[in-house]
Amino acid sequence: MNILIAAFMVMTLVLAGCSSNNNANGTSGEKAKKIKLAYVAWDSEIASTNVVKEVLESKLNYKVEMLQVDAGPMYVGVADGSVDGMVSAWLPSTHGENYYEPNKDKLEDLGANLIGTKNGLVVPTYMDIKTIEDLKKEDVGKSVDHTITGIEPGAGIMSQAEKAITEYDLNKWNLLGSSSSAMVKVLQDAYAKKEPIVITGWTPHWMFNDMELKYLDDPKKVFGGNEEIHTLVRLGLKEDHPAAYRFLDQFEWTPEDMESVMGDISAGMPEEEAAKKWVEANEAKVNQWIAGIE
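Positions -24 to -1, 1 to 270 (mature numbering (1 follows the signal peptide of the UniProt record, and there is no 0)) are the ones given, in order, by the sequence shown.
In structure tokens form, the structure reads like this:
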């Protein structure tokens, strides 16, 4: 009898432990509440993905894994379901042809989360040039060693820059791949010395607040017009994680919001801390994102 009682007590404790674990994970009818978000290592996407992670974890009790990848794998990951989603799709031009179009039938586009973005070739305002056509001038080319300083080779803006070199007959010019952080460091060094430099740039970005920069006019529209950043999720996310899906569908903010987070990160604040600071300071907007979620 004592053996039976002991066995019953052990089984009760095991079941209680399982129940406790389920509650801690917040399953409550959904699959285990874990979300994988892919992102590219642009300052803008680091900011947005960390804010989304903070809301999912602090407001909706999810466990979030952030996966830093190049643009191509980011789209493939959402399309094949190995990641749940991303808030880093620059459309229609930057990521459209190479990444979005080949995968669009295997993922769900929840629409724009930020409107008013732009890509192009950027120079300091102290450089006396106005358009990409001006890069053909020999003195301009020599002043920067016929080099455009770029970011990660797989980024959509790099493909656009390569196309610009072809479309504008910049035969002597080279596109230097690096990373977004390395590109900004080179820009800062040149700017401090008032040296000429040409970079691949985009907005929103905190560098436009810290330095006086300008886009070179693009009469051939190689870089497209104004863009939007979209939220893309895997097929089936709505059924598997309705709360996360609804939040991601309702997530939208402004360039000023994004620049606030980017500014704190660029000033040395850890990414997660900057995201938490913004979420806590913008309760009304965050509540709109999670409205209607039970």
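We put the CB at the ideal spot given by N, CA and C, even for glycine.
These numbers were taken from a predicted model, which means no experiment stands behind them.
Integer-rounded CB distance, given that residue j should sit under 8 Å from residue i
i: W254; j: Q226; result: So it is not a contact: roughly 17 Å between Cβ atoms.
i: N26; j: E248; result: 6 Å
i: L192; j: L97; result: 5 Å
i: L32; j: V209; result: The pair is not a contact, with the Cβ atoms about 13 Å apart (cut-off 8 Å).
i: G61; j: L213; result: 6 Å
i: S135; j: N95; result: Going by Cβ atoms, the distance from S135 to N95 rounds to 11 Å, so no, they are not a contact pair.
i: G53; j: V45; result: 7 Å
i: M245; j: W182; result: Not really, about 12 Å apart at Cβ, beyond 8 Å.
i: L146; j: K112; result: 7 Å
Three-state class that DSSP yields for residue i in the structure shown
i: L163; result: helix
i: S64; result: strand
i: G201; result: coil
i: M(-24); result: Summary for M(-24): the model assigns pLDDT 38, below 50, so the residue's position carries little reliability; its value from the coordinates is reported in the next sentence. DSSP places M(-24) in coil when its eight states are reduced to three.
i: W229; result: coil
i: I141; result: helix
i: K39; result: strand
i: N147; result: coil
i: L152; result: strand
i: E84; result: strand
i: N(-3); result: Here N(-3) scores only 36 on pLDDT, less than 50, and its place in the model should not be relied on; the value that follows carries that caveat. Reduced to three states, the DSSP call for N(-3) is helix.
i: W265; result: helix
Own chain partners of residue i with C-beta closer than 6 Å, once the 5 adjacent residues on each side are dropped
i: N79; result: Y51, A55
i: I269; result: A219, R222
i: I103; result: Looking at the sequence shown, residue 103 is not Ile but Met. These residues qualify, in order along the chain: P172.
i: K252; result: E30
i: A166; result: I173
i: P129; result: G153
i: D240; result: A250
Among the options, the one whose alpha carbon lies nearest that of residue i
i: V40; options: D60, E188, E232, I11; result: I11
i: S20; options: N263, E256, D233; result: D233
i: K196; options: E109, E204, M238, N263; result: E109
i: H217; options: E204, Y167, V59, V262; result: V59
i: T207; options: A131, L13, V162; result: L13
i: P100; options: G244, V237, S242, L189; result: L189
i: D186; options: W149, D194, I205, A243; result: A243
i: G48; options: V28, Y76, D240, L36; result: Y76
i: S149; options: K35, K261, I133, V116; result: Going by the sequence as given, residue 149 is Trp instead of Ser. For W149, the nearest C-alpha among the options comes from V116.
i: A8; options: N258, N37, A23, I22; result: N37
i: I91; options: A257, S236, I205, N258; result: I205
i: F184; options: V16, G72, T93; result: T93
i: K106; options: D194, A250, E235, A137; result: D194
Proximal residues to residue i (C-beta, below 8 Å), its chain only, five neighbours per side dropped
i: M159; result: T125, G126, I127, I175, T176
i: W18; result: S64, I127, A131, S156, W178
i: V262; result: V31, K35, V255
i: residue 273; result: In the structure as shown, the chain starts at -24 and stops at 270, and residue 273 therefore has no counterpart that could be examined.
7 Å Cβ shell around residue i - same chain, five flanking residues per side excluded
i: L224; result: G61, L86, T207, V209
Practice task
Flag this pair as touching only if the segment 195 to 208 and the segment 60 to 75 have three or more C-beta atom pairs under 8 Å; answer yes or no.
Solution key: yes
Handout entry: At least 3 beta-carbon pairs within less than 8 Å: the segment 154 to 173 vs the segment 119 to 133
Key = yes
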